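First to last, the protein sequences are chains A and B.
Using my numbering, the letters of the first sequence correspond one by one to residues 84 to 474.
Using my numbering, the letters of the second sequence correspond one by one to residues 84 to 474.
Note that beta-carbon positions come from the ideal geometry of N, C-alpha and C, so glycine has one too.
Keep in mind it's a predicted model, so treat the numbers as computed, not measured.
Protein chains: 2
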Amino acid sequence: MLGKQTFLLQGDLLGRFAKTGHGEIEPGSKYAAGTQTALDHRSPDLVRLLVSQGRVHMENMQYYDAMKCFEAAVYLDPDHEEASVGLKRAHCKIVPRWHFAMLNDDERNHAYEMALNRAVTSESIVFDIGSGSGLLALIAARAGARQVFSCEINPTVAELAQDTVRLNGYDDRVKIINERSTKLRLGVDLPVKQNLLVTETVDCGLLGEGIVGSIAHAREHLLTEDARIIPCAATVSAVLVESRRLQRLNFVEKSCGFDVSPFNHYATPEYFPVRLGGFEYVELSEPFDVLHFDFAGAPITPSQSIVKAPIKRDGVCHAIIFWFTLYLDDDISVSNQPGSTTHWTQAMEAFRKGIAVRAGEPINIQAEHDCSTISFKIIGPREITGINAAS
Amino acid sequence: MLGKQTFLLQGDLLGRFAKTGHGEIEPGSKYAAGTQTALDHRSPDLVRLLVSQGRVHMENMQYYDAMKCFEAAVYLDPDHEEASVGLKRAHCKIVPRWHFAMLNDDERNHAYEMALNRAVTSESIVFDIGSGSGLLALIAARAGARQVFSCEINPTVAELAQDTVRLNGYDDRVKIINERSTKLRLGVDLPVKQNLLVTETVDCGLLGEGIVGSIAHAREHLLTEDARIIPCAATVSAVLVESRRLQRLNFVEKSCGFDVSPFNHYATPEYFPVRLGGFEYVELSEPFDVLHFDFAGAPITPSQSIVKAPIKRDGVCHAIIFWFTLYLDDDISVSNQPGSTTHWTQAMEAFRKGIAVRAGEPINIQAEHDCSTISFKIIGPREITGINAAS
Numbered sequence: 084m085l086g087k088q089t090f091l092l093q094g095d096l097l098g099r100f101a102k103t104g105h106g107e108i109e110p111g112s113k114y115a116a117g118t119q120t121a122l123d124h125r126s127p128d129l130v131r132l133l134v135s136q137g138r139v140h141m142e143n144m145q146y147y148d149a150m151k152c153f154e155a156a157v158y159l160d161p162d163h164e165e166a167s168v169g170l171k172r173a174h175c176k177i178v179p180r181w182h183f184a185m186l187n188d189d190e191r192n193h194a195y196e197m198a199l200n201r202a203v204t205s206e207s208i209v210f211d212i213g214s215g216s217g218l219l220a221l222i223a224a225r226a227g228a229r230q231v232f233s234c235e236i237n238p239t240v241a242e243l244a245q246d247t248v249r250l251n252g253y254d255d256r257v258k259i260i261n262e263r264s265t266k267l268r269l270g271v272d273l274p275v276k277q278n279l280l281v282t283e284t285v286d287c288g289l290l291g292e293g294i295v296g297s298i299a300h301a302r303e304h305l306l307t308e309d310a311r312i313i314p315c316a317a318t319v320s321a322v323l324v325e326s327r328r329l330q331r332l333n334f335v336e337k338s339c340g341f342d343v344s345p346f347n348h349y350a351t352p353e354y355f356p357v358r359l360g361g362f363e364y365v366e367l368s369e370p371f372d373v374l375h376f377d378f379a380g381a382p383i384t385p386s387q388s389i390v391k392a393p394i395k396r397d398g399v400c401h402a403i404i405f406w407f408t409l410y411l412d413d414d415i416s417v418s419n420q421p422g423s424t425t426h427w428t429q430a431m432e433a434f435r436k437g438i439a440v441r442a443g444e445p446i447n448i449q450a451e452h453d454c455s456t457i458s459f460k461i462i463g464p465r466e467i468t469g470i471n472a473a474s
Numbered sequence: 084m085l086g087k088q089t090f091l092l093q094g095d096l097l098g099r100f101a102k103t104g105h106g107e108i109e110p111g112s113k114y115a116a117g118t119q120t121a122l123d124h125r126s127p128d129l130v131r132l133l134v135s136q137g138r139v140h141m142e143n144m145q146y147y148d149a150m151k152c153f154e155a156a157v158y159l160d161p162d163h164e165e166a167s168v169g170l171k172r173a174h175c176k177i178v179p180r181w182h183f184a185m186l187n188d189d190e191r192n193h194a195y196e197m198a199l200n201r202a203v204t205s206e207s208i209v210f211d212i213g214s215g216s217g218l219l220a221l222i223a224a225r226a227g228a229r230q231v232f233s234c235e236i237n238p239t240v241a242e243l244a245q246d247t248v249r250l251n252g253y254d255d256r257v258k259i260i261n262e263r264s265t266k267l268r269l270g271v272d273l274p275v276k277q278n279l280l281v282t283e284t285v286d287c288g289l290l291g292e293g294i295v296g297s298i299a300h301a302r303e304h305l306l307t308e309d310a311r312i313i314p315c316a317a318t319v320s321a322v323l324v325e326s327r328r329l330q331r332l333n334f335v336e337k338s339c340g341f342d343v344s345p346f347n348h349y350a351t352p353e354y355f356p357v358r359l360g361g362f363e364y365v366e367l368s369e370p371f372d373v374l375h376f377d378f379a380g381a382p383i384t385p386s387q388s389i390v391k392a393p394i395k396r397d398g399v400c401h402a403i404i405f406w407f408t409l410y411l412d413d414d415i416s417v418s419n420q421p422g423s424t425t426h427w428t429q430a431m432e433a434f435r436k437g438i439a440v441r442a443g444e445p446i447n448i449q450a451e452h453d454c455s456t457i458s459f460k461i462i463g464p465r466e467i468t469g470i471n472a473a474s
């Protein structure tokens, strides 16, 4: 899979080394040409240089550059242990491991498969935002779509998706485009307007992968007026919890008697993913709905809403946990609610100060979204000072 | 905390924009000088430019560069919403959230506190590798150490540690050095040889943060012959488990009937962290010890050992889970064993092919380390084909 590309990269790298006149490599056209013959007698030096450069790129979180260095090193010396390991490590940074859990998420997969099987006809021209492995594009093609265009911003993942589409024999009808969906132009990247949009670009907090903006852009520029949109809607629900352990994932006050609160300057200001099953917590409220999104309706704009959280138990609220129910059509939905076995975790926003709540006394929560993140405020609560206060 | 530094950064950035002659900013000394007065009438343009540049850096995972852009933007316009949010997001990438869980890990903290209280005397000159918040350095200083030198490679964290040391009134005796420990030179960075080394640079798989190399370097160059080393030793233990769910965090074969196995090219080749409490699994073996490290003994070199895993239950082995017991001295230890409440998760190496095991028939496991990672091989097993095979 990597042969030709690697060789080109290697030539490119050699060109760069030649241009910069790096001490260990003689500048000049002989190496810049990047031919295997010209390289042989210098390979060990070059491999060492590439590996050491790859290591520096890894430390600086420049993973694509690291990958290119290690790929070139492995090409020159397939037995080089550190180069192979380095390449694997760069790959893992570029293709994050959650892809596996997602691809193995049968509940998610089958929900999308059912929805696509119902929606796709032989007239369907499908636009898939976020190829990943190409799975949704493949499902649409197998369901009989005339043509599927699928876009993926990660170049490594896009190449992988194209390989997977080919392996499964659908490369005549599925085209993977390595570009952000909002950069695509009708008549240039897509020949005609598409009449079915499918996307699963949602994180545990629903909006974090930009689904609102990408659907809005597609509806304005790339889809027919009456295009089907999968998912058509989503509801976000939440529950208030007491859990010092969860709160302390994001805030700190004292450790061994020392004031280490300066660290809170670097606390995450928004929600972050937690796998609730791994932590002890007590639900203080019933679950309650906080926001609704209609992806096929009027344009979605930033909004706020105030909802009453139905408190069922006395306690100190340390965090709000939230999740989505994604409606693929009128009947089919998929959710990452607590206890669900989907690959998504839940989303949590922790509060630095605990908030005392009493059973039967609902409290007001302001839920807010700016189209790319959801955040919460508790309105007029009684705060408990600091996380080291007794709960 | 950020005032002066921010202003300097801003000058630096302006200098860079001036040098590159970016379209929206006139090149020249007026802006490159970076004085507030000279800037006022151009601020909105410049803020917009900085924010958009910060956004690009974030997308390219260049978090320090992103932070500098957003810091400068916030300095110029403290009310700029996207700049503030961008700065917070960059901070969260630069100071990962696990710092909070670690600082709140009472079990870890108290174990180190007890060990340091016992080891430190008024003669102690302490070398602390990996400052983090400065907590271990502070504990050593409070225990009466004459002087503490503490090094931290992350510049943002190092600054935070220095602030925390000052806040707690120990800046006369604790010095934070923003450098990798293996780069420090005696007589330059450290005035004299240190007689007590303390470090907690261990990840869930023990070796991943480089503890073997950094202790070895310190012993060779920076410590007295008889220096105390905390931790003095560690044991790694493991258990074999059956869990398709855990295996499928790192491997995939088929999804909805499609062959998506090309993704396995990007599977993590080594262990990775899992919070076991969040997953269903069955233990197939008793826990067994696999490796031992004596940090105060003979130099540690890469090694292999073959151990027998005592199988207690019929099943298909999908993964090996492992953890450490870190001995701080002869009596005090801390561990991330399954069920522990320390902040560390457990480490897991998943096997792409399940391996059939039978109760009472021990199997041979080869445990290997190269001083920076631990890996496992099962020797001569019966493999089950693929992860979609029935378990």
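In the structure shown, the three-state DSSP call for P385/A is coil.
In this structure, the beta-carbon distance from V203/A to Y349/B does not fall below 8 Å.
The beta carbon of L221/A falls within 8 Å of a beta carbon belonging to chain B, placing the residue at that interface. Inter-segment contact for the segment 360-379 of chain B and the segment 240-257 of chain A is absent: fewer than three beta-carbon pairs are separated by less than 8 Å. Taking the beta carbon of H174/B as reference, the chain A residues within 8 Å of it are H348, Y349, listed in sequence order. Following the DSSP letters along the chain, one finds W181/B inside the alpha helix (DSSP H) bounded by residues 181-186.
If you draw a straight line from the Cα of R328/A to the Cα of F434/A, it is about 12 Å long. Taking a cut-off of 8 Å for Cβ pairs, the segment 437-444 of chain A and the segment 389-408 of chain A touch, as three or more such pairs fall below it. Beta-bridge partners of L289/B (DSSP): none assigned. Only residues of its own chain outside the window of five on either side were considered, and among them T282, T284, V285 have a CB closer than 7 Å to the CB of I294/B, listed in chain order. Put simply, the backbone Cα of I461/A is about 15 Å away from that of P352/A. Under the Cβ criterion of 8 Å, N237/B is not counted among the residues facing chain A. The beta-carbon distance between F407/B and A317/B, rounded to whole angstroms, is 5 Å. This is short enough to meet the 8 Å contact definition. Counting other Cβ atoms within 10 Å of its Cβ, V275/A stays below 16 and is therefore classed as exposed. According to the DSSP assignment, D189/A belongs to the alpha helix (DSSP H) that extends over 189-202.
Taking 8 Å as the threshold, the shortest C-beta distance from C339/A to chain B falls below it.
It is roughly 7 Å from the alpha-carbon of I448/A to the alpha-carbon of A392/A. At the C-beta level, N261/A and R180/B stay beyond 8 Å of one another. Here D255/A is not near V231/A, since their CB atoms are 8 Å or more apart. A Cβ-Cβ separation of about 19 Å leaves V357/B out of contact with F346/B under the 8 Å criterion. For S388/B, the closest C-alpha among the options I404/B, D272/B, F371/B, L305/B is that of F371/B.
When 9 Å is used as the limit between beta carbons, M431/B is near no residue of chain A, the shortest such separation being about 11 Å. Taken in chain order, the whole beta strand (DSSP E) runs of length 3 or more contained in the segment 271-321 of chain B are 277-282, 306-313. Looking at the DSSP output, P356/A sits in a beta bridge with A430/A. Unbroken beta strand (DSSP E) runs of no fewer than 3 residues, entirely contained in the segment 200-272 of chain A, are found at 208-212, 230-234, 257-260, following chain order. Here DSSP, grouped into helix, strand and coil, assigns I438/B to strand. Remark: C-beta atoms of Q429/A and L374/A do not approach each other more closely than 8 Å. Under the three-state reduction of DSSP output, E154/A falls in the helix class.
Residues of the same chain with a CB within less than 6 Å of the CB of R263/B, apart from the 5 flanking positions on each side, are I236 in chain order. Neighbourhood of K460/A in chain B, by CB distance below 9 Å: empty, with the nearest CB roughly 15 Å away. Counting the other CB atoms within 10 Å of its CB gives A226/A a total of 16 or more, which places it among the buried residues. In this structure, the CA atom of I404/B is about 14 Å from the CA atom of G437/B. The C-alpha of R331/B is placed about 25 Å away from the C-alpha of I415/A.
Annotation: L374/A is outside any alpha helix (DSSP H); the continuous beta strand (DSSP E) that includes it extends over 371-377.
Listed along chain B are P352, each with a C-beta nearer than 7 Å to that of K171/A. In chain order, V335, S338, F341, V343, P345, F346 make up the part of chain B whose C-beta sits under 9 Å from the C-beta of S216/A.
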